[in-house]
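Q:
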Amino acid sequence: MKPVTLTLLAALLPGIAAAEDWQLAGHSVTLEDVADGGSRLSADGAVVLEDWLLLTDGAGPMPGGAAVWGVSGPGGNACDAAPFVLWLPEGGAARLDGPVDTCTTLEAQVGPDSITWDSEPVPGEMSESWIWTPAGGIVAGPSTPFAPDAGRGWEALPELADAHPADALRLEPVYRALEAGLGPDFPAYEERISGLGSGGLEGADYAGRACIKLVCETDFAGLWLDAARREVFAWWRNDADGALRLFPADRVLWPEGALAKLAEED
422 MKPVTLTLLA ALLPGIAAAE DWQLAGHSVT LEDVADGGSR LSADGAVVLE
472 DWLLLTDGAG PMPGGAAVWG VSGPGGNACD AAPFVLWLPE GGAARLDGPV
522 DTCTTLEAQV GPDSITWDSE PVPGEMSESW IWTPAGGIVA GPSTPFAPDA
572 GRGWEALPEL ADAHPADALR LEPVYRALEA GLGPDFPAYE ERISGLGSGG
622 LEGADYAGRA CIKLVCETDF AGLWLDAARR EVFAWWRNDA DGALRLFPAD
672 RVLWPEGALA KLAEED
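Mapping of the sequence shown onto the numbering used here: position 138 corresponds to residue 559, and the numbering continues sequentially without gaps.
#1: Of the choices Gly458, Ala464 and Ser460, whose alpha-carbon is the least far from that of Leu370?
#2: How about Ala625 and Pro579: are their beta carbons less than 9 Å apart?
#3: Going by C-alpha to C-alpha distance, which of Leu527, Glu638 and Pro586 sits closest to Asp687?
#4: List the endpoints of the continuous alpha helix (DSSP H) containing Arg597.
#5: Here's the rule: buried if 16 or more other CB atoms are within 10 angstroms of the residue's CB, otherwise exposed. What is Gly436?
#6: On the DSSP letters alone, give me the boundaries of the alpha helix (DSSP H) that Ala514 sits inside.
#7: Relative to the C-alpha of Met483, which candidate in Leu617, Pro555, Ala440 and Gly545 has its C-alpha closest?
#8: Within 10 angstroms of its Cβ, does Leu462 collect 16 or more other Cβ (buried), or is it exposed?
#9: Mind checking Cys524: buried by the 16 CB within 10 Å criterion, or exposed?
#10: Whole angstroms is fine: what's the gap from Gly458's alpha carbon to Val469's?
#11: Quickly, what does DSSP pair Thr451 with across the bridge? List them, please.
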């Protein structure tokens, strides 16, 4: 009979925690579930990190030792899990770097002697990056502002099927119309349209809505892109004063589909 692994036993027998184990650079590392929920990461018998959501993305050698990296967080939709690295130097004590203080969705790129996490810039927010090295731990990297895709115009509207409304602002004429039309209100609109939301095509037109987390019913933004007229229609509400703002302000100018979406907010 083949031996049964601890992970398989955990699946077969309730109450036994699943575990992953690594032997790296002379260190013993274990990731295991805890009885009351969540997971625990240990190095050489000592717990270094425990959280409700704790996932490892990789493990391997680095100059001078080895590393285990992943993400950790409390779960839920308030924030994405944040990156961490467990550094395992040859002949030295294990060191936990992170988790970093961020709510941003980040993608990891692993190099021969470093790990970099980057986010895509979204309307109203700079991109975010973090860089880990064995010597320096995790430090903030460069950031870039959002900019629409140069030359990408109304012909790209069919590409927005199931797209978040922030992605619609990557169309240059859409972004420019909102930027010019909303004036000083544009940053507030950007913040809301880049929040928790969804969108998609309705016939040839696009509709999307997004909001500030935790106050979605009262602090939000919406977007309607009219394909035939090649015109932009937007609405947003700030929880601070409750006023529903429109662009353009005159509802007579709004197409029927956009007015239907607006009626859901009134």
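Ideal Cβ positions, reconstructed from N, Cα and C, are used throughout, including at glycine.
Bear in mind that the values here come from a model prediction, so they are computed numbers and not experimental data.
A: Quick look at the numbers:
#1: Look at the range of the chain in this structure, 422 to 687, and you will see that residue 370 is not part of it.
#2: yes
#3: Glu638
#4: Glu593 to Leu603
#5: Confidence in Gly436 is poor, its pLDDT being 36 and thus under 50, which makes the residue's placement unreliable; the coordinate value appears in the next sentence. So Gly436 counts as exposed.
#6: Premise fails: Ala514 is in no alpha helix (DSSP H) and is neither H nor E.
#7: Pro555
#8: Buried.
#9: Around the beta carbon of Cys524, a 10 Å sphere encloses fewer than 16 other beta carbons of the protein chains shown; the residue is thus reported as exposed.
#10: 17 Å
#11: Asp442 and Ser463
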